[in-house]
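What follows is a short report on a single structure.
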Amino acid sequence: MRYLIQWTCPDAGSSPELNQGFKDYLTGGKAMDEFEGFKILARLIMPQNGTGAFIAEAESLAHVYKHTGPWTRAFKISVQITPGLSDEEWVQSETDLFG
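Under my numbering, residues 1088 to 1186 are what the sequence shown spells out, in order.
As structure tokens, this is what we get:
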């Protein structure tokens, strides 16, 4: 299943600790971007307002939480998680339901 994860940093991303932590993560190999049952497909960072989003393919919400949990706990980032379908999944579902 695919998920859209939208995140918001406290203080519009102006925390030096948060920014350094995120920079270190992005330049240090992005270790949690892909593990069994989870893979980030795309990420956008909107520094102008301290938000961002990514699309992940994950076996379950627990896999999404394994990625987001450390960030929400360490830096008080809030996340909104929305499940969705790929083009192919939607076409198959539409066909199965309505022919």
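Built from N, CA and C at the ideal position, the CB exists for glycine as well.
Computed from a predicted structure; not experimentally measured.
Q: State the Cα-Cα distance for the pair Glu1175 and Ser1101, rounded to the nearest angstrom.
A: By 1-based counting over the sequence shown, the position of residue 1175 is 88. By 1-based counting over the sequence shown, the position of residue 1101 is 14. If I take the Cα positions, the gap works out to 39 Å.
(Q) Please identify the residue among Ala1161, Asp1183, Gly1124, Leu1148 whose C-alpha is closest to the C-alpha of Ile1092. (A) For the purposes of this step, residue 1092 is taken as the residue at position 5 of the sequence shown. When only C-alpha atoms are compared, the closest one is Leu1148.
Q. Comparing alpha-carbon positions, which option in Gly1139, Asp1183, Gly1115, Ser1173 lies nearest Tyr1090?
A. Numbered from 1 along the sequence shown, position 3 holds the residue referred to as residue 1090. Taking Tyr1090 as reference, the option from Gly1139, Asp1183, Gly1115, Ser1173 with the minimal CA-CA separation is Ser1173.
Q. Relative to the alpha-carbon of Thr1169, which residue among Asp1111, Asp1120, Val1178, Tyr1152 has its alpha-carbon at the smallest distance?
A. Here residue 1169 is taken as the residue at index 82 of the sequence shown, counted from 1. Of the candidates Asp1111, Asp1120, Val1178, Tyr1152, the one whose C-alpha sits nearest the C-alpha of Thr1169 is Tyr1152.
Q: Report the option in Phe1125, Glu1146, Ile1127, Met1133 whose CA atom is closest to the CA atom of Trp1094.
A: Translated into the one-based positions of the sequence shown, residue 1094 becomes position 7. When only C-alpha atoms are compared, the closest one is Met1133.
Q: Return the first residue and the last residue of the alpha helix (DSSP H) that Leu1091 is part of.
A: Reading the sequence shown from its first residue, position 4 is the one you call residue 1091. Segment 1089–1095 is the beta strand (DSSP E) holding Leu1091; no alpha helix (DSSP H) there.
Q.
What does DSSP give as the partner residue(s) for Gly1139 in the beta ladder?
A. If you number the sequence shown from 1, residue 1139 lands on position 52. In DSSP, Gly1139 forms a bridge with Trp1094, Ile1132.
Q) To the nearest whole angstrom, what separates the beta carbons of Ala1140 and Phe1125, a pair I think is in contact under 8 Å? A) Here residue 1140 is taken as the residue at index 53 of the sequence shown, counted from 1. Here residue 1125 is taken as the residue at index 38 of the sequence shown, counted from 1. With 8 Å as the limit, Ala1140 and Phe1125 do not qualify as a contact, their Cβ atoms being about 16 Å apart.
(Q) Considering just the uninterrupted stretch of the alpha helix (DSSP H) at Ser1180, what are its terminal residues? (A) For the purposes of this step, residue 1180 is taken as residue 93 along the sequence shown, with counting starting at 1. Looking at the DSSP string, the run of the alpha helix (DSSP H) that includes Ser1180 is 1174–1185.
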